[in-house]
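The listed protein sequences derive, respectively, from chains A and B.
Residues 100 to 575, numbered by the numbering used here, are exactly what the first sequence covers, in order.
Residues 100 to 575, numbered by the numbering used here, are exactly what the second sequence covers, in order.
Glycine is no exception: its CB is placed at the ideal position from the N, C-alpha and C atoms.
Being a predicted model, the structure only gives us computed values, none of them experimental.
Heads up: the structure comes next, in C-alpha cells.
There are 2 protein chains.
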Amino acid sequence: MAHQQLPDSLRGPGSLADAPVDRGAARPGGALPRGRSGRAAKAAQDTAAAQGALPSAAGGGPDAGTDVAHERAAGAGTEAGTRPGDGAGGRRARGGPAGRDVTRDRADDGDTGSGAVASGKTAAGDRPGGATGARTAGEALAGYLREQATTFLRGLSLRTENEGDSDLLLRGSSRRIAGVLHTYAPLTDPAWAEPLRGELGWLSSTLGREPQYVGRLTRLLEALRRLSAPGADQPVPAGAKGPAGPAAPAGGGPLALGAARAAALLERQLTLARTRAHSATLQAMGSARFHGLADSIAVLASEVPLTATGSEPAATVLPPLAGQAYQRLWDAAGTLPLHRATQPYNAEAMRASLGAELTTDLQDTPWHQVRILLRLGRYAAEVPGCGVPEDPRLTEAGLLLQRHREAAESAAAVAAAARTPRIAPATAYALGVLHADQRHEVEAARFAFSRLWEQSGLPTRPPGASPRPGRGTRSS
Amino acid sequence: MAHQQLPDSLRGPGSLADAPVDRGAARPGGALPRGRSGRAAKAAQDTAAAQGALPSAAGGGPDAGTDVAHERAAGAGTEAGTRPGDGAGGRRARGGPAGRDVTRDRADDGDTGSGAVASGKTAAGDRPGGATGARTAGEALAGYLREQATTFLRGLSLRTENEGDSDLLLRGSSRRIAGVLHTYAPLTDPAWAEPLRGELGWLSSTLGREPQYVGRLTRLLEALRRLSAPGADQPVPAGAKGPAGPAAPAGGGPLALGAARAAALLERQLTLARTRAHSATLQAMGSARFHGLADSIAVLASEVPLTATGSEPAATVLPPLAGQAYQRLWDAAGTLPLHRATQPYNAEAMRASLGAELTTDLQDTPWHQVRILLRLGRYAAEVPGCGVPEDPRLTEAGLLLQRHREAAESAAAVAAAARTPRIAPATAYALGVLHADQRHEVEAARFAFSRLWEQSGLPTRPPGASPRPGRGTRSS
Numbered sequence: 100m101a102h103q104q105l106p107d108s109l110r111g112p113g114s115l116a117d118a119p120v121d122r123g124a125a126r127p128g129g130a131l132p133r134g135r136s137g138r139a140a141k142a143a144q145d146t147a148a149a150q151g152a153l154p155s156a157a158g159g160g161p162d163a164g165t166d167v168a169h170e171r172a173a174g175a176g177t178e179a180g181t182r183p184g185d186g187a188g189g190r191r192a193r194g195g196p197a198g199r200d201v202t203r204d205r206a207d208d209g210d211t212g213s214g215a216v217a218s219g220k221t222a223a224g225d226r227p228g229g230a231t232g233a234r235t236a237g238e239a240l241a242g243y244l245r246e247q248a249t250t251f252l253r254g255l256s257l258r259t260e261n262e263g264d265s266d267l268l269l270r271g272s273s274r275r276i277a278g279v280l281h282t283y284a285p286l287t288d289p290a291w292a293e294p295l296r297g298e299l300g301w302l303s304s305t306l307g308r309e310p311q312y313v314g315r316l317t318r319l320l321e322a323l324r325r326l327s328a329p330g331a332d333q334p335v336p337a338g339a340k341g342p343a344g345p346a347a348p349a350g351g352g353p354l355a356l357g358a359a360r361a362a363a364l365l366e367r368q369l370t371l372a373r374t375r376a377h378s379a380t381l382q383a384m385g386s387a388r389f390h391g392l393a394d395s396i397a398v399l400a401s402e403v404p405l406t407a408t409g410s411e412p413a414a415t416v417l418p419p420l421a422g423q424a425y426q427r428l429w430d431a432a433g434t435l436p437l438h439r440a441t442q443p444y445n446a447e448a449m450r451a452s453l454g455a456e457l458t459t460d461l462q463d464t465p466w467h468q469v470r471i472l473l474r475l476g477r478y479a480a481e482v483p484g485c486g487v488p489e490d491p492r493l494t495e496a497g498l499l500l501q502r503h504r505e506a507a508e509s510a511a512a513v514a515a516a517a518r519t520p521r522i523a524p525a526t527a528y529a530l531g532v533l534h535a536d537q538r539h540e541v542e543a544a545r546f547a548f549s550r551l552w553e554q555s556g557l558p559t560r561p562p563g564a565s566p567r568p569g570r571g572t573r574s575s
Numbered sequence: 100m101a102h103q104q105l106p107d108s109l110r111g112p113g114s115l116a117d118a119p120v121d122r123g124a125a126r127p128g129g130a131l132p133r134g135r136s137g138r139a140a141k142a143a144q145d146t147a148a149a150q151g152a153l154p155s156a157a158g159g160g161p162d163a164g165t166d167v168a169h170e171r172a173a174g175a176g177t178e179a180g181t182r183p184g185d186g187a188g189g190r191r192a193r194g195g196p197a198g199r200d201v202t203r204d205r206a207d208d209g210d211t212g213s214g215a216v217a218s219g220k221t222a223a224g225d226r227p228g229g230a231t232g233a234r235t236a237g238e239a240l241a242g243y244l245r246e247q248a249t250t251f252l253r254g255l256s257l258r259t260e261n262e263g264d265s266d267l268l269l270r271g272s273s274r275r276i277a278g279v280l281h282t283y284a285p286l287t288d289p290a291w292a293e294p295l296r297g298e299l300g301w302l303s304s305t306l307g308r309e310p311q312y313v314g315r316l317t318r319l320l321e322a323l324r325r326l327s328a329p330g331a332d333q334p335v336p337a338g339a340k341g342p343a344g345p346a347a348p349a350g351g352g353p354l355a356l357g358a359a360r361a362a363a364l365l366e367r368q369l370t371l372a373r374t375r376a377h378s379a380t381l382q383a384m385g386s387a388r389f390h391g392l393a394d395s396i397a398v399l400a401s402e403v404p405l406t407a408t409g410s411e412p413a414a415t416v417l418p419p420l421a422g423q424a425y426q427r428l429w430d431a432a433g434t435l436p437l438h439r440a441t442q443p444y445n446a447e448a449m450r451a452s453l454g455a456e457l458t459t460d461l462q463d464t465p466w467h468q469v470r471i472l473l474r475l476g477r478y479a480a481e482v483p484g485c486g487v488p489e490d491p492r493l494t495e496a497g498l499l500l501q502r503h504r505e506a507a508e509s510a511a512a513v514a515a516a517a518r519t520p521r522i523a524p525a526t527a528y529a530l531g532v533l534h535a536d537q538r539h540e541v542e543a544a545r546f547a548f549s550r551l552w553e554q555s556g557l558p559t560r561p562p563g564a565s566p567r568p569g570r571g572t573r574s575s
C-alpha cells in the first residue's frame, strides 16, 4: 500500500519540473493570457506598498525546512525573522484562526506588529467567515492560497532590489501553492490546478539551482579544509585558481597538493554551474512563460476556482485530506531501512560509492521521497482548519533529510569532478577521500533521522489520520 | 600522573624491538652461551613428546585479543581450543591454583584431559608449595614463566610441521613472558630480565609482520569489494594482476576500473611485503640470535633468577604490582577523547586524512598505547595469585582496539599505495575512497570502545588497585 501511494504522492511540486514546457504549452483551461503580466506587476506594487515593513519578517517563512543553506547565505536580515523549528514566519501572515498568534509571534521576534496585522487583513482576515472555524473548506484553502500569492507578488516586486530575498519568497510561495493544491486537490478544479502546479514546479526548481550550487561549493570546500588541516593553521587556498603546474611534492609528499587542487577544480566547476544557473534564472524571469505564471498567481490572489467539495465545512473536508498526506509520509518512512540506519557506522551509504552512479541513486531515492513528503505534510498543516498540529520534530526531520540530500548531491558532484580528464592522481585521491566523506555525511544524516523518527516519541501513526473516512462513515 | 606513567608503562614488549641487536650483543648477566642451542632443542623435543595431545588446546591461549585475524588464518585446529573472550587455553596449562580448572576446561572443550594434567605437572604442579596460595611471589611468577617457556619450546618443536601454529605459540609465549617480566619487574633480576625482554620483543615483532600483511590485504580487498559491488554479482577481480593497459571506460565510466586496479595494486604491494616478512622470519629463526634466545627460554623452564622480593608471599607482592598495571591502563584510557568518540559520526578520525601522515599518527597513538596496556593488564592477570579477576570485557576492549589499529594501518597502507608514481587517476580515486573508508573504521572502533568503556559498567578504578603500598604501611 505504501509503495502504491508513493508515485501519486510524488506528483507534488518539483517532480513535474522536468516536463513543464509541454504542460505549459498544452494546458487546457488554466492558460491565462500572457498579456496580463501588467496586472501582476501592478498587484505586486500594491502589495509591496501595503506591506513595506514585512519583507524580513515573512522571509523566514518560506520553506524553512529545505532552504536553510540559502537562507543563511541570504544574510541575517532574512534569518532574523525565523525561529528555529517553527514556521512562524509563514504562520504569522496567515488570516483566520492563526491570526490570533500574529501579535504574539511578532512580539517574540521583537518586530513591530503593524505589518503582520495588515498582512492578516490582506489575506483573509477581512473576509466574512474567515475568522472562525465555521467557514467552508474552500474558503480556508483560498485564504491560504491568497496569502501565498501575496508573498509571491511581494517577492516579484523585490526582485530589482534584492535578488536573493526575492527568489526566496518566490520559491517558498511557489512550493506552498503547488504543495497545497496537491494535498487538497479535490477542492479545486484540476484543469486549472494541474497546469499551475507544473508551472510552479518549473519556477521553484529553476530558482533553486543557483543557491544549491552555492551551498554545495561551500560544503565541499569546508569538508576539504576539515579533511586536510589538522588545526586552523593550514587552510586550503580555495580562492587560488587551479595551479595546473607540475605535481611537485610539497610538505607531506605528492598527496599534499591534492586537496588544494581538488578544491580549485571543484570551485571552477561549481562556479561555472552557478553562473549558468544564474543566467537560466534571469532568462526564466524575463520569459513569457514566467509572465503567464505571474498572471495566474495575481488572479489567485482574488479568485480560486473551487469545486463543489470546497463548499463543505472545512472541519469535515480538510482533516482527512491532511491526514492522507501524513499517511503517505508515514508509509514512505516505514519503508526506509530505519532499523539499520540507527546502527551507527553501518557503512550502508558507502556501499556503492565505487560502483555505478545508478546504485547510489537507487539507495538514496527513498530518503529523498520522504523528504518531499515531509515538506508536503508541513505545507498541508499550514492551512487553517486542517486539524494537524504543527510539530517541530517534523521540521527537524526535514532539516536532517535536507542535509542528507545536500551530502548525497555533493558526493555526486565530487564523483563527476573526478571524471574530469587529465587530472593528477593526487587530485583524484583527494576527490576520492572527499567523496567518501560526503557519503558518510549521508549515513550520518540517515542515522540522525532514524533516531529522531524511531526514538523521540514521534507517533507511529499520523496525527489524527486514518484512511480517509467515506461520506457514509462520517455521519454515523 | 597518568602522563608520567605512560612512557614507563610502554617499555613493555614490542617497544624495545627497534634496538634489540645492541642489547643482545651487550647483555650483561643474562647472556647465555650460544652453543647451548642443542639444549633448547632437546627440551623442546621432550616437551613435545610429553604433551603431544596439547597443541590445539594451548594454541588458543596466546594473545587471543590481538591476533584474532592470524588465529583465524591459522585454521580451525587452532581456533577449536579457544573460547570467546576467555583465556582458557592459556589458563588451562597453568599449574598451581588454576590447576583445579584444568579438567573442567578441557571437558568443556571436549578434549581428552590427560595432556593438560601432564602440562600442569610439568609447569609447577609438581613443585612444593605450588598447589596452594601460601607460596611466594617468586614461585607464582616462576610457575607462570615456566609454563610459557614450555609453550615456547613446544612452538619451536612444531616449526617443521606447521609454521603458522608454531609462530602463534612462539609469539604468544614471547609476549606473555616479556609482559609479565615487565609488570612484575621487582621480582626478577633486571640485569637478566631487561635484555631478555628486548630479545622477546624482537622475536614477536618479527614473527608478527607476515600475518599483519596477510590480514591487511584481506581487509582492504574486502573493503574494496564492499565499496564497489552493490550486490554479490560484481566481485572485484582481486586475483587479476594489474591490467596496466589503457584506461578504457567500462561499465560505469572511467571510475569503474579504479577499484579493480586499486585492488591489484594493493595486492602487488602487500604480497611483496608479506614475502619479505616471511624471508625475514626464516632468517631470524635460523640466526644465532634466535638460538641464544631459545637457550634463554630453555633455562627459564628450569630456573628463574629471582630477587629478595620474590621470597615474600604472593598475596602481598603480586596484587599491588598487577594493580599498578591496571592503574596505568585506566590512566591512559582516561586521557582518550572518549566523550567525543561516543558521539557517532563525529568525523574526528577523518580530520587529518588528507594532511600529513604525522597528524594521523599523533591522533592514533594514544589509542595504540591503551591497546598495549590492555594486553599487559591481561597478561598480568594470568599469573596465579595476582588478585585480579579475568574480565571478558577487557578482552573485548582489546579486540576493538586491535580493530582500530588494523584499520589505521590499513589506511596508511592505502595512502602509501596512492603515492605510487604514474598510477591512473581512477586508481587514485578508488584509493582515496578506500582510505576514507578505513579511517571511518578507525572512528567506528573508537566509538565501540568508548561505549564499552564508558557505558557497560566497567569500573572507573582498576579492580582492587591503588598506588602500591609501601613496606611500612603493609605491616601496620
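Any beta carbon of chain A sitting closer than 8 Å to that of residue i?
i	result
Asp536(B)	yes
Ile522(B)	yes
Leu530(B)	yes
Ala506(B)	no
Gly151(B)	Because Gly151(B) carries a pLDDT of 39, less than 50, the predicted location of this residue cannot be relied on, and no value is offered for it.
Ala527(B)	yes
Ala363(B)	no
Ala517(B)	yes
Chain B partners of residue i, CB-CB under 8 Å?
i	result
His539(A)	Tyr444, Ala446, Met449, Ala535 and His539
I'd like to know whether the C-beta of residue i is nearer than 8 Å to at least one C-beta of chain B.
i	result
Arg325(A)	yes
Phe548(A)	no
Ala543(A)	yes
Gly357(A)	yes
Hey, residue i and residue j are a contact pair by Cβ (cut 8 Å); roughly how many whole angstroms apart?
i	j	result
Thr235(A)	Pro412(A)	6 Å
Gln247(A)	Ser272(A)	4 Å
Ala239(A)	Leu417(A)	6 Å
Tell me whether the beta-carbon of residue i lies closer than 8 Å to the beta-carbon of residue j.
i	j	result
Arg538(B)	Ala517(B)	no
Leu453(B)	Gly357(A)	yes
Ala322(B)	Gly300(B)	no
Gln462(B)	Ala431(B)	no
Trp466(B)	His503(B)	yes
Ala424(B)	Leu475(B)	yes
Leu255(B)	Ala393(B)	yes
Val513(B)	Leu319(B)	yes
Phe548(B)	Leu500(B)	yes
Thr459(A)	Ala446(A)	no
Leu267(B)	Phe389(B)	no
Ala241(A)	Leu405(A)	yes
Should residue i be listed as close to the ligand MN, given that the test is whether its C-beta is under 7 Å from any heavy atom?
i	result
Leu356(B)	Of ligands this structure carries none, so the ligand MN is not represented either.
The alpha helix (DSSP H) with residue i in it runs from where to where?
i	result
Glu508(B)	Pro491 to Ala517
Tyr312(B)	Pro289 to Ser327
Gln554(A)	Pro524 to Gln554
Name the chain A residues that come within less than 7 Å of residue i, Cβ to Cβ?
i	result
Ser386(B)	Correct list: empty, because the minimum Cβ distance to chain A is about 35 Å.
Which residues of chain A have a Cβ atom closer than 8 Å to the Cβ of residue i, listed in chain order?
i	result
Gly476(B)	Residues of chain A passing the Cβ test: none, with the nearest at roughly 27 Å.
Just to make sure I have the definition right: I need the residues of chain B whose C-beta is within less than 7 Å of the C-beta of residue i. Which are they?
i	result
Ser452(A)	Leu326 and Val532
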